[in-house]
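What follows is a set of notes on a single structure, which appears directly below.
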Amino acid sequence: MKAHIIIGAGLVVALAQPLSGHHSFAAEFDANKPVTLKGTVTKLEWTNPHIWVYLDVKDDQGNLQPWQCEGGAPNTLTRNGWSRDSLKSGDQIVIDGALARDGSKTCNARLVKLPDGRSVFAGSSGGDAPRR
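Okay, here's the thing in structure tokens:
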């Protein structure tokens, strides 16, 4: 009987280990690579476990580049003054965040300057906002 308990506990630990990295900021984003994006919102996904803000950003040549930025959990953001209506398609915003490690046009949003001029915290993980 004791062997069954030990084997069962071992299986739980072994199967739970891969799940621990799912919400790892450091695995997906680099806090040492800050980015500031000024662009036009194309879509807001207000979903768990994290919101996503999609925006078009002009590159150095003036071409529009689609970006996606992960934010915090809707519940956390609501307590920080956000709502699902805080951003809408066409809004001009500025996002400060951390670049994705994989080189994609993805960031972890830490601070968002809203169209009304307010700056709101957008994160939930990853420690402090990137330093400038």
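Mapping of the sequence shown onto my numbering: position 51 corresponds to residue 51, and the numbering continues sequentially without gaps. The beta carbon of each residue, even a glycine, is placed where N, CA and C say it ideally should be. Quick caveat: nothing in here was measured; it's all calculated off a predicted structure.
Cα-Cα separation, residue i to residue j
{"i": "I51", "j": "G117", "result": "21 Å"}
{"i": "G21", "j": "E28", "result": "For G21, the predicted structure reports a pLDDT of 45, less than 50, and the residue's modelled location is therefore unreliable. The matter cannot be settled from this model."}
{"i": "V35", "j": "T42", "result": "19 Å"}
{"i": "L111", "j": "L64", "result": "22 Å"}
{"i": "W67", "j": "D59", "result": "11 Å"}
Whole-Å CB distance - residue i paired with residue j, under 8 Å assumed
{"i": "L87", "j": "I93", "result": "7 Å"}
{"i": "A109", "j": "V57", "result": "That belief does not hold up - the Cβ atoms of A109 and V57 are roughly 13 Å apart, past 8 Å."}
Candidates the options: closest to residue i by CA position
{"i": "S24", "options": "G90, T47, W82 and G72", "result": "G72"}
{"i": "S89", "options": "P115, S119 and N32", "result": "P115"}
{"i": "K38", "options": "L55, A98 and P49", "result": "L55"}
{"i": "G81", "options": "V57, K113, W67 and N48", "result": "K113"}
{"i": "S104", "options": "R84, G123, C69 and F121", "result": "C69"}
{"i": "P49", "options": "L77, P66 and G62", "result": "L77"}
{"i": "P74", "options": "A31, E45, N32 and D102", "result": "E45"}
Residue(s) in a DSSP beta bridge with residue i
{"i": "S104", "result": "In DSSP, S104 forms no bridge with anything."}
{"i": "S86", "result": "Bridge partners of S86: none, in fact."}
{"i": "I93", "result": "G39"}
{"i": "A98", "result": "P34 and N108"}
{"i": "Q61", "result": "In DSSP, Q61 forms no bridge with anything."}
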